[in-house]
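Here is the structure we will look at.
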Amino acid sequence: MDLVEFVTDHQTSLYAFLYRMTGDRYLAEDLMQETFVRALQASKRYKPQGRLTSWLFGIAANLTRDHWRKQRNRHSVPLGVGCDQASKDSTEDEVLARSEVESLRSALLNLPFEQRAPLVLFYYHDLSYEDISKCLVVPIGTVRSRIHHGKTRVRRLLEGRRSQND
Amino acid sequence: MTELDLGRAILEDRHTPLPGQPGVNTTLAAVRYRVSLEKERTVRSRLRDGSPQLSGMLAVSGLATALGIAWVLSSSGMPYLLLFVPSLELVALKVLVKEEAKPI
Chain A
1114 MDLVEFVTDH QTSLYAFLYR MTGDRYLAED LMQETFVRAL QASKRYKPQG
1164 RLTSWLFGIA ANLTRDHWRK QRNRHSVPLG VGCDQASKDS TEDEVLARSE
1214 VESLRSALLN LPFEQRAPLV LFYYHDLSYE DISKCLVVPI GTVRSRIHHG
1264 KTRVRRLLEG RRSQND
Chain B
5 MTELDLGRAI LEDRHTPLPG QPGVNTTLAA VRYRVSLEKE RTVRSRLRDG
55 SPQLSGMLAV SGLATALGIA WVLSSSGMPY LLLFVPSLEL VALKVLVKEE
105 AKPI
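Chains as they are written, first to last, in the working numbering: chain A, 1114 to 1279; chain B, 5 to 108.
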């Protein structure tokens, strides 16, 4: 396995996944590095059954879950926390759009890990139910229902946020 | 909020850059460093606990040492052979460390 190619090909998607899972750039970077190290160590045992990316997401998801288990009291992030603030020189439209994005990112961070991981993998990384099922080692039906419940919860959180602003 | 609104927000989010994405070179350097640390830790623990590979090599070199001593004592063999036989143990250690320290 060529390390340079490996990192170049997967760094962006892995970082994006971990950032959305943690809401913390430093933690995401740390977990991404650890994911690459684990993948290199396990590369001899790797059997290509699905997409390599799915396998990497699986390792990353396990590392994230282990991290949250160790720090249980940090699993819930209030709305608006964990996202960069809009810069002062942005136009009004940009600020509004960014504020929507920030609310969505915060809402995702308020989901439990079991709902957040499949939701992010499905909507942000275009993984199929089957890929997510292999990646997170849960039945396809469970993936489907977790995505559905996660989505409902995100909508409710965003509606709550909107009514607060109005 | 409708399904469509959520879809739009997700699409917007997908196209909004994430903060703090590190460069490839930074990640490569960090991964290499972590892997080397991990290897060093493995070698140290193997040397401390004694891996089967190392035990085997040490057993063979120990046997060779004993045979060498017996040979020198029982015949007119050349004593300097004794100097070579224990060095097998060093070779064994070197081989193991080299194996663990292969570049990635």
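Beta carbons: idealized from backbone N, C-alpha and C, even for Gly.
With burial defined as no fewer than 16 other Cβ atoms inside 10 Å of the residue's Cβ, what is the status of Val95 of chain B: buried or exposed?
Counting from 1 along the second sequence, the entry for residue 95 of chain B is found at position 91. By the 10 Å Cβ count, Val95 of chain B comes out exposed.
At least 3 beta-carbon pairs within less than 8 Å: the stretch 1267–1278 of chain A vs the stretch 16–24 of chain B:
no
Residue span of the alpha helix (DSSP H) that contains Met5 of chain B, given as start and end
As a first step, residue 5 of chain B must be located in the second sequence, where it is residue number 1. Per DSSP, Met5 of chain B belongs to no alpha helix (DSSP H) and is neither H nor E.
How far does the alpha helix (DSSP H) with Gly1171 of chain A in it extend, from its first residue to its last?
Along the first sequence, one-based indexing puts residue 1171 of chain A at 58. Element bounds for Gly1171 of chain A: Leu1165 to Lys1183.
Nonlocal neighbours in the same chain, by C-beta distance under 7 Å from Phe1235 of chain A, ignoring five residues either side:
One-based indexing of the first sequence puts residue 1235 of chain A at position 122. Hits under 7 Å: Ile1245 and Ile1260.
Where the stretch 11–45 of chain B meets chain A: residues whose CB sits under 8 Å from a CB there
Ala13, Ile14, Glu16, Asp17, Arg18, Thr20, Leu22, Pro23, Gly24, Gln25, Pro26, Val28, Thr31, Leu32, Ala34, Val35, Arg36, Arg38, Val39 and Glu42
Could you check whether the stretch 1116–1123 of chain A touches the stretch 27–38 of chain B, counting it as contact only if at least three pairs of C-beta atoms, one from each stretch, sit closer than 8 Å?
The stretch 1116–1123 of chain A is in contact with the stretch 27–38 of chain B.
How would you call Ala1220 of chain A, buried or exposed, if buried means at least 16 neighbouring beta carbons within 10 angstroms?
Working through the first sequence from its first residue, we reach residue 1220 of chain A at position 107. Ala1220 of chain A should be labelled buried.
Kindly indicate which residue of A:Gly1163, A:Arg1158, A:Phe1170 and A:Arg1164 has the alpha-carbon position closest to the one of Met1145 of chain A.
Taking the first sequence and counting its residues from 1, one reaches residue 1145 of chain A at position 32. The candidate whose alpha carbon is nearest that of Met1145 of chain A is A:Phe1170.
Of the residues A:Val1214, A:Val1233, A:His1238 and A:Ser1167, which one's Cα is nearest the Cα of Leu1271 of chain A?
Here the question's residue 1271 of chain A lines up with position 158 in the first sequence. Considering only alpha carbons, the answer is A:Val1214.
Which one of A:Val1256, A:Arg1138, A:Leu1222 and A:Thr1166 has the shortest CA to CA distance from Phe1149 of chain A?
Counting from one through the first sequence, the residue named residue 1149 of chain A turns up at place 36. For the residues A:Val1256, A:Arg1138, A:Leu1222 and A:Thr1166, the minimum Cα distance to Phe1149 of chain A belongs to A:Thr1166.
Interface residues of chain A around Met5 of chain B at Cβ under 8 Å?
Taking the first residue of the second sequence as position 1, residue 5 of chain B is located at position 1. By Cβ distance, chain A contributes Arg1268, Leu1271, Glu1272 and Arg1275.
Looking at the structure shown, is Asn1278 of chain A part of a helix, part of a strand, or coil, going by DSSP?
On the first sequence, residue 1278 of chain A is found 165 positions in, with the first residue counted as 1. Assigned with DSSP and collapsed to three states, Asn1278 of chain A falls in helix.
Relative to the C-alpha of Glu1142 of chain A, which residue among A:Tyr1242, A:Ile1253 and A:Ala1173 is closest?
The sequence position of residue 1142 of chain A within the first sequence is 29, counting from 1. The shortest C-alpha separation from Glu1142 of chain A is found at A:Ala1173.
With Tyr1132 of chain A as the anchor, note down where its alpha helix (DSSP H) starts and where it stops.
Walking along the first sequence from the start, residue 1132 of chain A turns up at place 19. That run of the alpha helix (DSSP H) goes Leu1116 to Thr1135.
With 8 Å set as the bound, which would you pick, yes or no: does the beta-carbon of Val99 of chain B sit closer than that to a beta-carbon of chain A?
Locating residue 99 of chain B in the second sequence gives position 95, counting from the first residue. Answer no: the Cβ-Cβ gap between Val99 of chain B and chain A never drops below 8 Å.
Short of 7 Å in beta carbon distance, which residues of its chain neighbour Tyr1242 of chain A, apart from the five on each side in sequence? Order them along the chain.
Residue numbering aside, residue 1242 of chain A sits at position 129 when the first sequence is read from its first letter. Correct list, in chain order: Ile1253, Val1256 and Arg1257.
Need the endpoints of the alpha helix (DSSP H) that Thr1148 of chain A sits in, please.
Here residue 1148 of chain A is taken as the residue at index 35 of the first sequence, counted from 1. Counting along the chain, the alpha helix (DSSP H) containing Thr1148 of chain A begins and ends at Arg1138 to Ala1155.
Quick one: which chain B residues come within Cβ less than 7 Å of Ala1129 of chain A?
Translated into positions along the first sequence, residue 1129 of chain A becomes position 16. Within 7 Å Cβ-Cβ: Leu22.
For Val39 of chain B and Arg1151 of chain A, what's the separation of their Cα atoms in angstroms?
Taking the first residue of the second sequence as position 1, residue 39 of chain B is located at position 35. Taking the first residue of the first sequence as position 1, residue 1151 of chain A is located at position 38. Each residue's alpha carbon lies about 9 Å from the other.
Own chain, CB closer than 7 Å to His1262 of chain A, minus 5 neighbours either side, in chain order
Translated into the one-based positions of the first sequence, residue 1262 of chain A becomes position 149. Around His1262 of chain A: Gln1228.
In chain B, which residues lie less than 8 Å from Glu1118 of chain A when you measure between Cβ atoms?
On the first sequence, position 5 is the one that residue 1118 of chain A refers to. Correct list: empty, because the minimum Cβ distance to chain B is about 10 Å.
List, in chain order, every chain B residue whose beta-carbon is nearer than 8 Å to that of Val1214 of chain A.
Against the first sequence, residue 1214 of chain A aligns to sequence position 101. Contact of Val1214 of chain A with chain B by beta-carbon distance below 8 Å involves Ala13, Glu16, Asp17 and Thr20.
Checking contacts by CB at 8 Å: is Thr1177 of chain A closer than that to chain B?
Against the first sequence, residue 1177 of chain A aligns to sequence position 64. Chain B contact via Cβ: absent.
Return no unless some Cβ of chain B is closer than 8 Å to the Cβ of Tyr1236 of chain A.
Counting from 1 along the first sequence, the entry for residue 1236 of chain A is found at position 123. It does: the Cβ of Tyr1236 of chain A has a partner Cβ on chain B nearer than 8 Å.
Quick check on the DSSP output: the alpha helix (DSSP H) that includes Ser1246 of chain A runs from which residue to which?
Locating residue 1246 of chain A in the first sequence gives position 133, where the first residue counts as 1. Its alpha helix (DSSP H) spans residues Tyr1242 to Leu1249.
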